[in-house]
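Every letter in the sequence shown is one number past the one before it in numbering that gives the first Met the number 0, and letter 7, counting from 1, is 6.
What follows is a short report on a single structure.
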Amino acid sequence: MTPEMIAAAQAGGLSADETRRVLETLRNQQTTRHIEPSAVIGEGTRIWHFAVVLQEVRIGRDCSIGSGTEIGRGTMIGDRSRIGSQVFLPPNSIIGEDVFVGPGCTFTDDRHPKIHAPGDAPYTAEPPVIDDGAVIGAGCVILPGVHIGAGAMIGAGSVVSRDVPAGVHVRGEPARTHSLSHASAVKFLGGVATYTEGLTT
Ligand SMILES: CC(C)(COP(=O)(O)OP(=O)(O)OC[C@H]1O[C@@H](n2cnc3c(N)ncnc32)[C@H](O)[C@@H]1OP(=O)(O)O)[C@@H](O)C(=O)NCCC(=O)NCCS
0 MTPEMIAAAQ AGGLSADETR RVLETLRNQQ TTRHIEPSAV IGEGTRIWHF AVVLQEVRIG
60 RDCSIGSGTE IGRGTMIGDR SRIGSQVFLP PNSIIGEDVF VGPGCTFTDD RHPKIHAPGD
120 APYTAEPPVI DDGAVIGAGC VILPGVHIGA GAMIGAGSVV SRDVPAGVHV RGEPARTHSL
180 SHASAVKFLG GVATYTEGLT T
């Protein structure tokens, strides 16, 4: 951000808020990220290189969006969530607060993907819904329309084809409910009251 840029924004008679948005946009253009101007990014949120944030995305405060991650149009991400590198979130995904998404996760929204011929009806999108405090390990594939409950923990490399209840641990391909080792259970307890129930299923 150069002093010239700040002066230019202020000379345009912009309000403090508008000036901040303009400066943020300019800063984004100086890096290898791509953030659509209609996206709203909360204070303290960091978006790393090669990330793509599409139209009308809303990201809360103090989040982190990893390098090479694509956030689809209209997606909402709550405060303090961390989306790892190389993650794909389709349009209109809903991610709660304090959600951890490990690197390399792919969320999907088209159950029967194909090339559409001109005049074909558009596909029925089924974006994911991830509730507050969920943890999704690295390299997971989340199939269309899956709802992951609050505080659920998804083991690395899982293919999640069904909804995951709050506080439950699943893993595998397809992901199924599992007990966690005592050590991992202690690490993930983190104040989510229903977690123990899921851990012992
Ligand atoms: C699921 C997880 C929390 C470990 O759970 P745990 O119950 O403590 O598991 P343990 O390490 O005691 O392993 C128990 C068994 O489960 C298996 N296992 C562990 N994680 C697994 C996973 N993600 N998928 C399938 N099997 C798994 C282990 O191989 C082991 O099997 P074995 O007894 O036949 O050798 C952990 O493996 C995991 O996936 N963490 C997420 C890591 C990650 O993605 N981090 C992202 C930031 S880099």
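In this text, a Cβ means the ideal position worked out from N, Cα and C, and glycines have one as well.
Here the structure is a predicted model, which is why all the values come from computation and not from measurement.
Ranked by Cα distance from Ser183, the first of Met75, Ile93 and Met152 is Met152. The criterion of a C-beta distance shorter than 7 Å is satisfied by Asp162 and His146. With contacts defined by Cβ atoms closer than 7 Å, Val159 and Ala174 form a contacting pair. It is roughly 6 Å from the alpha-carbon of Pro89 to the alpha-carbon of Thr107. Close CB contacts of Gly136 within its chain, under the 6 Å cut and outside five residues either way in sequence, are with Gly101, Ile153, Gly154 and Ala155 (chain order).
Between Ile64 and Ile93, the C-beta gap is not smaller than 7 Å, which leaves the two residues out of contact. Cα atoms of Val140 and Val185: separation of roughly 26 Å, rounded to the nearest angstrom. Between the alpha carbons of Ile82 and His115 lies a distance of about 30 Å. Distance between Arg60 and Gly43, taken at the CA atoms: about 6 Å. Taking 6 Å as the cut-off, the C-beta of Leu142 does not count as close to any heavy atom of ligand 1. Taken atom to atom, the span from the alpha-carbon of His111 to that of Val134 is near 27 Å.
Relative to the non-hydrogen atoms of ligand 1, the Cβ of Ser84 never comes closer than 6 Å to any of them.
Less than 7 Å separates the beta-carbon of Asp78 from that of Glu96. Inter-residue distance for Leu13 and Ala124 is about 39 Å (C-alpha atoms, whole angstroms). Residue burial is scored here from C-beta neighbours: Ala10 has fewer than 16 other C-beta atoms within 10 angstroms and is therefore classed as exposed.
The beta carbon of Ala165 sits closer than 7 Å to the beta carbons of Asp130, Gly148, Ala149, Gly150, Ala151 and Thr193 from its chain, once the five residues preceding and following it are set aside; these are given in chain order. A distance of 7 Å or more separates the beta carbons of Gly138 and Gly171.
Relative to the Cα of Ile40, the nearest Cα in the group Asp119, Thr74 and Thr31 belongs to Thr74. Within the chosen limit of 6 Å, ligand 1 reaches the beta carbon of Ala137 through at least one heavy atom.
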